[in-house]
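A.B. asks: Here the sequence shown is numbered in the working numbering, starting from 5 and rising by one per residue.
Yeah, the Cβ is synthetic: ideal placement off N, Cα and C, and Gly gets one too.
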Amino acid sequence: MIAHIRTMNYIGWWSRGLSYLVPASLRRLFQSVPERITIEFEDRRVIFRHYTEETTRPAAEQTFVLDDTLQKTAIIQWLHDCNANDTEVLLLIPEPLVLRKNLVLPAVARANLRQVLGFEMERRTPFTPDQTYFDFTITGHDKNTNKLNTILIIAPRDRVDPQLDIIRNWGIAPDAIRPSQEHAEGEKINLL
Numbered sequence: 005m006i007a008h009i010r011t012m013n014y015i016g017w018w019s020r021g022l023s024y025l026v027p028a029s030l031r032r033l034f035q036s037v038p039e040r041i042t043i044e045f046e047d048r049r050v051i052f053r054h055y056t057e058e059t060t061r062p063a064a065e066q067t068f069v070l071d072d073t074l075q076k077t078a079i080i081q082w083l084h085d086c087n088a089n090d091t092e093v094l095l096l097i098p099e100p101l102v103l104r105k106n107l108v109l110p111a112v113a114r115a116n117l118r119q120v121l122g123f124e125m126e127r128r129t130p131f132t133p134d135q136t137y138f139d140f141t142i143t144g145h146d147k148n149t150n151k152l153n154t155i156l157i158i159a160p161r162d163r164v165d166p167q168l169d170i171i172r173n174w175g176i177a178p179d180a181i182r183p184s185q186e187h188a189e190g191e192k193i194n195l196l
């Protein structure tokens, strides 16, 4: 069972990586939005939202207090009630934890863009790649100058890991970490 889940996660990661080779306008035509559960920490609470279709309104929402000793059982029951076995789970992180850098790179960088962005991160931010969760989005390609416009999106591990530890302690393995703004706009950023 665990090997099957890991294989499916790997295949999903691999196909998401390949999807960056397809122009964004075409990607949107073929993407379907799966059922998803978002998890968002706010003060001493955690908010779960269950989305059943491509809408901005959740079908179900539940808030749990982090101090509640019965929370793990209640969370597992709520997930069971949502029939969340084959549902994408997203950890949404608040915007103040996110750093965005607009970068203009040579178009040849596209071949190994993640590696190039890791190098640029060390040069242009106070972080190294191993100190962060990061992803990127390509916003354009200027054919006249042969430059690639990208946005590097970074979240420090030391700020995100405590939230990950809590939800993993509940037996939940997130499929993605996404800034809350990107989730609201329907973007498929995955910092994980």
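Quick check on the DSSP output: the alpha helix (DSSP H) that includes Ala-78 runs from which residue to which?
C.D. replies: Segment 75-85, the alpha helix (DSSP H) holding Ala-78.
A.B. asks: In terms of residues, what are the limits of the alpha helix (DSSP H) holding Phe-123?
C.D. replies: 117-128 is the span of the alpha helix (DSSP H), which, as asked, contains Phe-123.
A.B. asks: How would you label Ala-159, buried or exposed, when you count the other beta carbons within 10 angstroms and need 16 or more for buried?
C.D. replies: Looking at its Cβ environment, which holds 16 or more other Cβ atoms inside 10 Å, Ala-159 is buried.
A.B. asks: Does DSSP put Pro-160 in a helix, a strand or coil?
C.D. replies: Three-state DSSP puts Pro-160 in a strand.
A.B. asks: If the criterion is Cβ atoms closer than 8 Å, does the pair Leu-156 and Met-125 meet it?
C.D. replies: Result yes, Cβ atoms of Leu-156 and Met-125 sit closer than 8 Å.
A.B. asks: Please report the distance separating the alpha-carbon of Lys-175 from that of Asn-148.
C.D. replies: The sequence given here places Gly at residue 175; Lys does not occur at that position. Each residue's alpha carbon lies about 51 Å from the other.
A.B. asks: Can you give me the C-alpha to C-alpha distance between Asn-116 and Ala-78, rounded to a whole angstrom?
C.D. replies: Computed Cα separation, rounded: 44 Å.
A.B. asks: Is the beta carbon of Leu-107 less than 8 Å from the beta carbon of Thr-154?
C.D. replies: For Leu-107 and Thr-154, yes; Cβs fall inside 8 Å.
A.B. asks: Applying the criterion that 16 or more other CB atoms from any shown protein chain within 10 Å of the CB defines a buried residue, is Gln-167 buried or exposed?
C.D. replies: Label assigned to Gln-167: buried.
A.B. asks: Which of helix, strand or coil does DSSP assign to Leu-195?
C.D. replies: Leu-195: coil per DSSP, three-state reduction.
A.B. asks: Taking DSSP's pairing of strands, which residues face Ala-64 in a bridge?
C.D. replies: DSSP, once it has assigned bridges, lists His-54 as partnering Ala-64.
A.B. asks: May I have the straight-line CA-CA distance separating Ala-113 from Asn-150, to the nearest angstrom?
C.D. replies: Taking the straight line joining both Cα atoms gives about 11 Å.
A.B. asks: Near Tyr-55, what residues of its chain come up, given a Cβ to Cβ distance below 6 Å and the 5 sequence neighbours on each side ignored?
C.D. replies: Hits under 6 Å: Arg-40 and Pro-62.
A.B. asks: Could you give the distance in angstroms between the alpha-carbon of Asp-71 and the alpha-carbon of Asp-47?
C.D. replies: Rounded to the nearest angstrom, the two C-alpha atoms are 11 Å apart.
A.B. asks: Would the beta-carbon of Ile-97 fall within 8 Å of that of Thr-141?
C.D. replies: Going by C-beta atoms, Ile-97 is not nearer than 8 Å to Thr-141.
A.B. asks: Taking Pro-178 as the reference, which of Glu-57, Thr-91, Asp-85 and Thr-67 has the closest Cα?
C.D. replies: The shortest Cα separation from Pro-178 among Glu-57, Thr-91, Asp-85 and Thr-67 belongs to Thr-91.
A.B. asks: Output the distance between the C-alpha atoms of Leu-33 and Glu-57, rounded to the nearest integer angstrom.
C.D. replies: Residue placement at Leu-33 is flagged as unreliable, the pLDDT there being 45, under the threshold of 50; the coordinate-derived value follows with that caveat. In a straight line, the C-alpha of Leu-33 is about 16 Å away from that of Glu-57.
A.B. asks: Tell me whether the beta-carbon of Arg-53 lies closer than 8 Å to the beta-carbon of Phe-68.
C.D. replies: For Arg-53 and Phe-68, no; Cβs fall outside 8 Å.
A.B. asks: Could you work out which residue in Thr-60, Asp-169, Glu-99 and Phe-123 is closest to Ile-184 when comparing CA atoms only?
C.D. replies: In the sequence as displayed, the identity of residue 184 is Ser instead of Ile. It is Glu-99.
A.B. asks: Where Thr-132 and Asp-169 are concerned, what is the direct C-alpha to C-alpha distance, given to the nearest angstrom?
C.D. replies: Taking the straight line joining both Cα atoms gives about 21 Å.
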